[in-house]
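In the working numbering, the protein residues as written are 1382 to 1457.
Structure (structure tokens):
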């Protein structure tokens, strides 16, 4: 689950940077890379980023209120 959280954070950061570029400079990085905002590649990237954001929202509920980014160590 730790790897899923790290990957989700990276994807959400990429999405946030894309929104920042779009808001500040009217430049959509994802649509530039995939030659259009509604191309198959762009839609896949947007969907994966949305799933990552949902994972970060739901993950603390699944794990009892903790979002794990480090390995859990026993108290022994």
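Don't be surprised by glycine CBs; every beta carbon is placed ideally from N, CA and C.
Just to check my reading of the structure: residue i and residue j have Cβ atoms closer than 8 Å, yes? What is that Cβ distance to the nearest angstrom?
i: residue 1427; j: residue 1411; result: 7 Å
i: residue 1418; j: residue 1409; result: 6 Å
i: residue 1405; j: residue 1429; result: With a Cβ gap of about 23 Å, residue 1405 and residue 1429 do not count as contacting.
I need the straight-line Cα distance from residue i to residue j, nearest angstrom please.
i: residue 1423; j: residue 1416; result: 8 Å
i: residue 1421; j: residue 1435; result: 21 Å
i: residue 1440; j: residue 1388; result: 13 Å
i: residue 1383; j: residue 1445; result: 14 Å
i: residue 1407; j: residue 1431; result: 21 Å
i: residue 1414; j: residue 1433; result: 20 Å
Quick check on the DSSP output: the alpha helix (DSSP H) that includes residue i runs from which residue to which?
i: residue 1419; result: Where residue 1419 is concerned, there is no enclosing alpha helix (DSSP H), given that its DSSP letter is neither H nor E.
i: residue 1413; result: 1410-1414
i: residue 1395; result: 1383-1406
For residue i, which residues in the same chain have their Cβ closer than 8 Å to its Cβ, ignoring the five residues on either side in sequence?
i: residue 1402; result: 1408, 1409, 1410
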